[in-house]
Every structure is written in structure tokens, then in C-alpha cells.
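To keep things clear, I will list the structure first and then write my remarks on it.
Number of protein chains: 2
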Amino acid sequence: MANIQQIAKKAGVSVATVSRVLNNATSVTPKTRSKVEHAINELNYEPSMLGRNLRNSESRQILVLLPGISNPFYSEIINGIQTTAIANNYNILLCETDSKPERENIYFNMVKNKLADGVISMDPTVNMKKLKKLAEKHPVILCSEYEKGGSIPYVTIDSELAAYQVVKHLIRLGNEKVALINSDEKFLYARLRRSGYERALKEFNLPLKSEWIYHTKNLDFQQGVQAMRMLLQLEEKPSAVFAVSDTLAIGALKAINLEPGHPSIAVVGFDNISFSNMTNPTLTTVSQPMHQMGCLAVEMLLSKMKNEKVDSIVLEHELIIRESTMG
Amino acid sequence: MANIQQIAKKAGVSVATVSRVLNNATSVTPKTRSKVEHAINELNYEPSMLGRNLRNSESRQILVLLPGISNPFYSEIINGIQTTAIANNYNILLCETDSKPERENIYFNMVKNKLADGVISMDPTVNMKKLKKLAEKHPVILCSEYEKGGSIPYVTIDSELAAYQVVKHLIRLGNEKVALINSDEKFLYARLRRSGYERALKEFNLPLKSEWIYHTKNLDFQQGVQAMRMLLQLEEKPSAVFAVSDTLAIGALKAINLEPGHPSIAVVGFDNISFSNMTNPTLTTVSQPMHQMGCLAVEMLLSKMKNEKVDSIVLEHELIIRESTMG
DNA sequence: CCTCCCTTTGTAATCCGTTACATTCATTAT
DNA sequence: ATAATGAATGTAACGGATTACAAAGGGAGG
């Protein structure tokens, strides 16, 4: 592959001029420009990004940190990220951490090494202390999971309110025994959703029973199945269940379907992943604007890169009522 | 961030020596090495990948081309790719083409630009002509979708055989009217699965009815729903359906569930995505070793990069029988 | 004590674009 | 015709690491 010198030579100009043509700088005579373009076509030249990146000290890559892509929730956000990134001439470096700290280290180093110009973290399992350290010197945006009152800008929804609305909806349908399938409460979103759950129960003077709160290890379907099985074994069974993720909720539906007698238990999920409309019954859930969140995260990151002031954003969610809460 | 010169100065050695320490070259005195390491720690130095990459003329990045990550089939392959890539000090550049040629161009240029050292394509919609052109000068591996008799090495399964086995299984269960929900037959896998479908029917002397073959626009659930609706409107309804993707099959199940009278129609999918075990009824499907496919694709690519001869691999699949074919 | 040889270390070229600054060229005003 | 002005182009330094080759250091043998 040819380099810029060869083009310059072939076109009978200097490398500076070639560079100017490449970057559509002004001040290049049409005649010169066409000479250069000719040479470029002739030699089939493509400027080396490696050289350019070194010189410009940027990689035009965005690191996207997430625990894993098996949860469709992330796929849709990534879609938004990718679209906006490409539109701005950036590429995304996908990093599934699998919640392994050693992977995190690898990726954080890539940022320090300038292999990525900024980071969008959607990983609730991220080591926030390290991330904050990184954010002191590099642009970082949190997407979905965030840190309250922290220094890193985020784009998210109001999880507490959403959970409150979900549970209120269940109560209004006549459910006095509402269980919560929550994930590990080391995650902020889990604490917030629990808090919303409790607020609604208190508001209606319903008792808070600790047996009705189940904590899962992760968000896999199977965890939802297991959680629901536990709840179904209780002496006093809940009549409704709020799961903090659609994947868990779908698992819960499965467990209910497997139960002899098919007990009628209302189920609500969270995220509105595309599957949630395919289950039987279809799943009532909270819709997050995932695509938009991805787009905004990139825009915020780009602003941050330009050293502009970036404010956090809380987007609107929506309760999507489907069959799983319609008896 | 410090550079190698500053380390050299601080440690009182030359840049060459620092570089040797960084790359654990032999022939560095323990004393010198510790001096250098000291300086590195002192200044918190991280070697710049940009400089290194330029010099080495490699990016240690692998481009992964796929139509989109919304289909969980791809997520699992990516997981395998990522694990193996990281183990070999590579990173993956995720490229959802959304089946848009202009995106493809962007990404192909990245390879020419050395922003990626090789390509793993899982995109059936890829422009094969361009990809082959690219493969002449750069390492390329096809994963899942491939080209028969083409020059690019691939890792895949025997789709024709799998489809044949699926349909045979359905026939043995007593189904004489087996429909096929296929995707666009411009894709090789679609042609192969159809071919397997036809082979089984012929073997049992069953008629091939063109009304029983439905072609979808893509693999979204909704397409499966629509396909099944069409099939249910036929005068002579099929008693079983083979969908070439779990997502389509799940849509088909949905459509059947929505139908008044809940007709009993056997359904088989393809891919064994994790959700296929959560549907009601659970879905009979063909399991592809997705994780392994991803791992192998990377290993093949690494071999190719070392200019070793790389043979294509056809992996074993497995028919997973679940409730959707159990009456 | 000197030479030879091997190991460790240093020097400088190289990878490829970008851009500040210098230079050339053409045009307009005087 | 000449100076002044501005536009177009060229020169060379620079970003940060790697490595071929050169040089220096150290030890052994005579």
C-alpha cells in the first residue's frame, strides 16, 4: 500500500499538499487537487489511520463497557451508540467485561494508551472508584447505571419512579401481595427500584414482607425461574410479581406456567425488550428509550471530548401494559 | 502522559533499553531492568499503542461484521470471539452493518487503513464480491454464513443436513404437511435449509407445496408472526412448521397462540438461543455450537494472519427436542 | 597486561501523516 | 514598473515506539 510520499512524488507536489487534499483544506488549486486525486486513484492510496492517529493523538474510537451482550436491553442501546458514533466518524470498541475486573483493567489501559478517546460505561459491575479515577483525565459517560451525585455525567431514567408506578399499578389492580424479584442491591438501579416498590406499598399501607423480596445473582432467564419457584413455595404466596428486568420476568412467567394448576399471578418486567411481546402471556413492562439513550450517551461523550460542560439527562420511561397484568 | 524518552532519561538509559524492558527482551541486566521499571512506576508510564501500532504496522484489532446484534444468535458467537481475542491480545471492533452497503464500505476501508488486522464476517448480507477482493490482501474468515467453494475459509455447520434431520423428525412424528418459514434465499444458509427440507419430503414421498414455503424479509419475531398467520389462512393448513431461525419460530408460536382454538401445530426453530427454552411451549430447535464457532473463527483468523494454511471447519449441530414438537 | 569475544547498551533510522512556518507565485494598487 | 498583499505550495519537525547496527563494557585466556 502506497504512502503519502509516493503520492506526493507521483503528483509532483509536496506531502503537505497531498495532506491538504486529503483533509479538504482550502487553499488548494483545483488543478493541483486534481493532480493529487489522480495520483491517489492511480496508486489506490488510502491514508494510514495508524500514522494519522499517532500524529493527531486520537484513535476515533469509543470504548463501550458492558457486562455482556446476551441481555437484549444492551443490544438496543448499542444500536443507538453505533449509529451516532458512525455519524460522527467514530467507531466502537465493544468490551464485554463479563464482570471480570481483570478485563476492566485491560480496557482502562486502552484508554490511557489512547486506543480509545472516551468511554461509555453501561456496566453496573464496573469498579466505580477506578472509573472515576479514569474520568479525571479522560472523557467518560455513564449510560443507564450511574452514580448518584457523582462527578461523571450520565443518561438514565428515573428507576425509582418507574418502580413506584409499576407497583402502584399492580396494587390498583387489586394485588395486596406484591413480590419483588430484584438483582443484587449493590447496583444503584436495584436499590432505586426497591425503593420505588417500598414507596408504593407504604402509600397503600401494605405490609413489607422480606420473604417477598428475592435477590438474583444475575439477570439470566434461569434466575427468574428460580426466583419464582421460591416465591411459589411460600406459605403466603404473592399475587403479583415485579421483576427488575424483562429477562427475570420472562423466567418468572415460565416458572408460573410450569406450576401445576397455573396459578394466576400478575407479572411485570422492566426494559421492554423485544421478546417481552412474544411471551405467553405478553409481558407488562417499563419501556426505556434504549436507542435514544445510546445516541445521547455518544453525544454527551463528544461534548465532553470538546471540553464542553455536560449535564446529566434523565429520560422518560413508559409503563407498557400487556396481558401479564390483565388476569 | 509520559513517553518513552522521558522514561529513558529518568532511568538514565536509552530508549532502546526501555523498549527492551517493555517487551521483556532478553539481554537486559536485572539492575538496568529495575532502574527502568522504577522510572516507569514513578512516572506512571503506559506505552502508547498509537506509536507502537504505527511502528509495528498492526492494530491488534479484529473487525467483526454482523448485520445486527438484536438476534441473540450473534451475541453468543461474539462472546466466543471476544474471549479468544482477548486471550491473544486482540480487541474486537464491532460493526453492525444493518445490511447497509455504505457501512460496509466504511469498515472495509478500516481494514485497508490497518485499523483492523483482520475480519470475521458473520453477515449474510455482505457484498461477497467486495469481501473476496478484500480477502486477497487481508485475512478474512467467514463465520456461520459462508460461500461454497469460495476462497475464504469458514467455520459453520451443515445446514442442509440439520434441516433434513429436522423435517425428518417432524415427518416421523406423523406430520405429512410440513411448512417452511425461510428467510430470503439469496443467503446460502436459506438455500441449504430449504434443500434439506426438500430432501426429507422427497425421501418420504410427500408433496412439495409452494404455499407451504414462506419467505420472510428478515429474522425479526414479527416476521415469524406474519408468516404463521399466512400459513394459518391456507385452505390446507400445515400440521408442522420448520422456521430457519428461533426468532421466526418464536413469532410463529405466538401467532399460533393467538389463533382462536389454539390449533396444534408442531414448530421447530434453529439456533437454540437462550430464549427458546422460555417459550410456551418450549421450542424444539437445532443447537449450533455458537461459542465454539466464535472461538474457532478467531483462531483461524490468527493462523491466517501468520500466513499459515487455514482449512474450513464444519462443526456438529444437535437437534434439541422440546415441547413444541410433542403435541 | 593485552587481546578476543560475548553480552549489554546506545544511536539513529523508520513507520506515516499533520501542520507551523518559510517560501514562492500571482495579482492588484500605486 | 514596482511594491504590497494574499494565496498556494513546500520544508521540516513532530508524535511514540521498535530495531538494525554500532559501540562499549566485562570476563576469560594467554
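Heads up: the sequence lines are chains A and B, in that order.
Just so it is clear: in the first sequence, position 59 is 43 by the working numbering, and no numbers are missing.
Just so it is clear: in the second sequence, position 186 is 170 by the working numbering, and no numbers are missing.
We put the beta carbon where it would ideally sit given N, CA and C, even for glycine.
Measure from the alpha carbon of residue 236(A) to the alpha carbon of each residue in 245(A), 226(A) and 244(A), then state which is nearest.
On the first sequence, residue 236(A) is found 252 positions in, with the first residue counted as 1. Minimum Cα distance to residue 236(A) is reached at 226(A).
With 7 Å set as the bound, which would you pick, yes or no: does the beta-carbon of residue -6(A) sit closer than that to a beta-carbon of chain B?
Position 10 of the first sequence, counted from the first residue, corresponds to residue -6(A). By the rule that beta-carbons nearer than 7 Å mark a contact, residue -6(A) does not touch chain B.
Is residue 139(A) near residue 127(A), with beta carbons less than 7 Å apart?
Position 155 of the first sequence, counted from the first residue, corresponds to residue 139(A). Position 143 of the first sequence, counted from the first residue, corresponds to residue 127(A). Yes, the Cβ-Cβ distance between residue 139(A) and residue 127(A) is below 7 Å.
Measure from the C-beta of residue 210(B) to each C-beta in chain A and report whether the shortest distance is under 7 Å.
In the second sequence, residue 210(B) corresponds to position 226, counting from 1. When Cβ-Cβ separations below 7 Å define contact, residue 210(B) makes no contact with chain A.
With 8 Å as the limit, tell me which residues of the region 266 to 289 of chain A have their beta carbon closer than that to any beta carbon of chain B; keep them in chain order.
Residues are counted here when their Cβ sits less than 8 Å from a Cβ of chain B; for the region 266 to 289 of chain A the count is zero.
Reduced DSSP category for residue 253(B) - H, G, I as helix; E, B as strand; rest coil
If you number the second sequence from 1, residue 253(B) lands on position 269. In this structure, residue 253(B) counts as coil in the three-state DSSP scheme.
Measuring CA to CA, which of 81(B), 70(B) and 87(B) is closest to residue 81(A)?
Position 97 of the first sequence, counted from the first residue, corresponds to residue 81(A). The candidate whose alpha carbon is nearest that of residue 81(A) is 70(B).
Here's the rule: buried if 16 or more other CB atoms are within 10 angstroms of the residue's CB, otherwise exposed. What is residue 45(B)?
Mapped onto the second sequence, residue 45(B) falls at position 61. Buried, because 16 or more other Cβ atoms sit within 10 Å of the Cβ of residue 45(B).
Distance cut-off 6 Å: residue 233(B) Cβ against heavy atoms of the ligand ATP:
Absence of the ligand ATP from the depicted structure is noted, as is the absence of any ligand whatsoever, leaving it without description.
Buried/exposed call for residue 188(A), threshold 16 Cβ in 10 Å
As a first step, residue 188(A) must be located in the first sequence, where it is residue number 204. With fewer than 16 Cβ atoms within 10 Å of its Cβ, residue 188(A) is classed as exposed.
What residue from 56(A), 175(A), 5(A) and 30(A) has the CA that sits closest to residue 165(A)'s CA?
Taking the first residue of the first sequence as 1, we reach residue 165(A) at position 181. Closest by alpha carbon: 175(A).
Give the residues of chain A in contact with residue 80(B), contact being defined as C-beta atoms less than 8 Å apart.
Numbered from its first residue, the second sequence carries residue 80(B) at position 96. Simply 62, 63 and 66.
Looking only at C-alpha atoms, which of 272(B), 57(B) and 279(B) sits nearest to residue 145(B)?
For this step, residue 145(B) is matched to residue 161 along the second sequence. Sorting 272(B), 57(B) and 279(B) by C-alpha distance to the C-alpha of residue 145(B) places 272(B) at the top.
Apart from the five residues just before and just after residue 314(B), which ones in its own chain have a Cβ nearer than 8 Å to its Cβ?
Residue 314(B) lies beyond the stretch modelled for chain B, which goes from -15 to 311, so this question has no answer here.
What residues of chain B sit near residue 259(A), judged by a beta carbon separation below 7 Å?
Against the first sequence, residue 259(A) aligns to sequence position 275. Within chain B, the residues near residue 259(A) are 259.
Straight-line CA distance for residue 114(A) to residue 84(B)?
Within the first sequence, the letter at position 130 stands for residue 114(A). Within the second sequence, the letter at position 100 stands for residue 84(B). Using only the alpha carbons, I get a separation of about 38 Å.
Could I get the ranges of all uninterrupted beta strand (DSSP E) runs contained in the region 188 to 232 of chain B, with 3 residues as the minimum, in chain order?
The qualifying runs are 197 to 199 and 224 to 227.
For residue 30(B), go through chain A and note every residue whose CB falls closer than 7 Å to its CB, in chain order.
Within the second sequence, numbered from 1, the residue matching residue 30(B) stands at position 46. Below the 7 Å Cβ cutoff, chain A contributes 93, 96 and 97 as neighbours of residue 30(B), in chain order.
How is residue 157(B) classed by DSSP in three states: helix, strand or coil?
For this step, residue 157(B) is matched to residue 173 along the second sequence. In the displayed model, residue 157(B) falls within coil according to three-state DSSP, outside both helix and strand.
Measuring only the C-alpha atoms, how far is residue 234(B) from residue 205(B)?
For this step, residue 234(B) is matched to residue 250 along the second sequence. For this step, residue 205(B) is matched to residue 221 along the second sequence. Those two C-alpha atoms are separated by around 7 Å.
Classify residue 67(A) as helix, strand or coil using the three-state DSSP reduction.
Residue numbering aside, residue 67(A) sits at position 83 when the first sequence is read from its first letter. In the three-state reduction of the DSSP assignment, residue 67(A) falls in the helix class, which pools H, G and I.
Tell me, please, whether the CB atom of residue 105(A) is closer than 7 Å to any CB atom in chain B?
Here residue 105(A) refers to the residue found at position 121 of the first sequence. Residue-level contact by beta carbon fails for residue 105(A) and chain B, as no gap is shorter than 7 Å.
May I ask you to verify whether the region 10 to 28 of chain A touches the region 44 to 63 of chain A, counting CB pairs closer than 8 Å and requiring at least 3?
Touching, no, given that fewer than three Cβ pairs across the two stretches are closer than 8 Å.
From the DSSP output, in three-state form, read off residue 165(A) for me.
Residue 165(A) sits at position 181 when you count from the first residue of the first sequence. Note: residue 165(A) maps to strand in three-state DSSP.
Unbroken beta strand (DSSP E) run spanning residue 40(A), endpoints:
Indexing the first sequence from 1 puts residue 40(A) at position 56. For residue 40(A), there is no enclosing beta strand (DSSP E); the enclosing alpha helix (DSSP H) has its first and last residue at 33 to 40.
On a Cα-Cα basis, can you pick out the residue from 43(A), 143(A), 177(A) and 199(A) that is closest to residue 167(A)?
Looking up residue 167(A) in the first sequence gives position 183. With distances taken between Cα atoms, residue 167(A) lies closest to 199(A).
If distances are taken between C-alpha atoms only, which option among 302(B), 209(B) and 97(B) comes closest to residue 37(A)?
What you label residue 37(A) is simply residue 53 of the first sequence in a count that begins at 1. Per the Cα distances, 97(B).
Please classify residue 131(A): does DSSP put it in a helix, a strand, or coil?
What you label residue 131(A) is simply residue 147 of the first sequence in a count that begins at 1. Coil at residue 131(A), not helix or strand.
Against chain B, does residue 54(A) count as a neighbour if the rule is that its beta carbon must be under 7 Å from one of theirs?
On the first sequence, position 70 is the one that residue 54(A) refers to. Yes, because at least one Cβ of chain B sits closer than 7 Å to the Cβ of residue 54(A).
Can you tell me whether DSSP reads residue 26(A) as helix, strand or coil?
By 1-based counting over the first sequence, the position of residue 26(A) is 42. Helix at residue 26(A).
Looking at chain B, is there any beta carbon in it that lies within less than 7 Å of the beta carbon of residue 249(A)?
Within the first sequence, residue 249(A) is the residue found at index 265, counting from 1. Judged by the 7 Å Cβ criterion, residue 249(A) is not in contact with chain B.
Among 250(B), 255(B), 254(B) and 301(B), the one whose alpha carbon lies nearest that of residue 307(B):
Translated into the one-based positions of the second sequence, residue 307(B) becomes position 323. That would be 250(B), whose Cα lies nearest to the Cα of residue 307(B).
Reference residue -10(A), options 191(A), 14(A), 31(A) and 229(A), closest by Cα:
Here residue -10(A) is taken as the residue at index 6 of the first sequence, counted from 1. The candidate whose alpha carbon is nearest that of residue -10(A) is 31(A).
From what residue to what residue does the alpha helix (DSSP H) around residue 1(B) run?
Position 17 of the second sequence, counted from the first residue, corresponds to residue 1(B). Per DSSP, residue 1(B) belongs to the alpha helix (DSSP H) from -1 to 6.
May I have the straight-line CA-CA distance separating residue 12(B) from residue 3(B), to the nearest angstrom?
Within the second sequence, residue 12(B) is the residue found at index 28, counting from 1. Within the second sequence, residue 3(B) is the residue found at index 19, counting from 1. Rounded to whole angstroms, residue 12(B) to residue 3(B) spans 11 Å at the Cα level.
Check the Cβ of residue 87(B) against every Cβ in chain A and list those closer than 8 Å, keeping chain order.
In the second sequence, the residue the question calls residue 87(B) occupies position 103. Scanning chain A for C-beta atoms nearer than 8 Å to the C-beta of residue 87(B) yields 70, reported in chain order.
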